[in-house]
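Undergrad: Handing you this structure, nothing more for now.
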Amino acid sequence: MQCQTVLPGTECTFWGKQGCVFSEGSCQVVVENCEGCERVIDGTIGRVCSSYPAPEKKWTSGICNFATHVKVEIKTEETKTNPLKASKKASGGGGKKK
Ligand code: SF4
């Protein structure tokens, strides 16, 4: 249903017949870590997140996984083997003409 308070007219899964069913009955404003994120939008209570109603919670256990301005650096074995896979693909898939 459409939000009637923070973002009037915006489709939101938290809005029901009783109003906003999210904790405290409303979205919460963005936190300092959200600064620069493309998902920050202006609501009637201030700047809120278009993807998650409680931005502060997205940062409690690390970097927000919805953030557009920061990227999680994942260093795994897979990233190391990627160039190999790529070169294998390149040699196997090359040579269209026979
Ligand atoms: S996506 Fe994450 S970083 Fe961006 S505004 Fe929302 S909570 Fe903040």
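The numbers in the sequence shown follow numbering that gives the first Met the number 0, run straight up by one, and end at 97.
C-beta atoms are modelled at their ideal positions from N, C-alpha and C, and glycine is treated no differently.
#1: Between residue 69 and residue 47, which are expected to be in contact by the criterion C-beta below 8 Å, what is the C-beta distance as a whole number of angstroms?
#2: If you reduce the DSSP assignment to three classes, tell me which class residue 94 lands in.
#3: So, is residue 25 buried or exposed, given that buried needs 16 or more other C-beta atoms within 10 angstroms?
#4: With distances taken between CB atoms, is the gap from residue 36 to residue 59 smaller than 8 Å?
#5: Does the ligand SF4 have a heavy atom nearer than 7 Å to the CB of residue 13?
#6: Across which residues does DSSP place residue 40 in a beta bridge pair?
#7: Are residue 10 and residue 30 closer than 8 Å when you measure CB to CB?
#8: Please list, in chain order, all residues of the same chain as residue 5 whose beta carbon is under 7 Å from its beta carbon, the five residues on each side excluded.
TA: Looking at the atomic coordinates:
#1: Within the sequence shown, numbered from 1, the residue matching residue 69 stands at position 70. Within the sequence shown, numbered from 1, the residue matching residue 47 stands at position 48. Their Cβ separation, rounded to whole angstroms, is 18 Å, which puts residue 69 and residue 47 out of contact at 8 Å.
#2: Taking the first residue of the sequence shown as position 1, residue 94 is located at position 95. For residue 94, the predicted structure reports a pLDDT of 49, less than 50, and the residue's modelled location is therefore unreliable. The matter cannot be settled from this model.
#3: Sequence index remark: in the sequence shown, residue 25 carries index 26 (1-based). With 16 or more Cβ atoms within 10 Å of its Cβ, residue 25 is classed as buried.
#4: Position 37 of the sequence shown holds residue 36. Position 60 of the sequence shown holds residue 59. Not closer than 8 Å, so no.
#5: Residue 13 sits at position 14 when you count from the first residue of the sequence shown. Not so, every heavy atom of the ligand SF4 lies at least 7 Å from the Cβ.
#6: Against the sequence shown, residue 40 aligns to sequence position 41. 47, per the DSSP bridge assignment.
#7: Here residue 10 corresponds to residue number 11 of the sequence shown, with the count starting at 1. Here residue 30 corresponds to residue number 31 of the sequence shown, with the count starting at 1. Result no, Cβ atoms of residue 10 and residue 30 do not sit closer than 8 Å.
#8: For this step, residue 5 is matched to residue 6 along the sequence shown. Around residue 5: 25, 26, 42, 43, 44 and 47.
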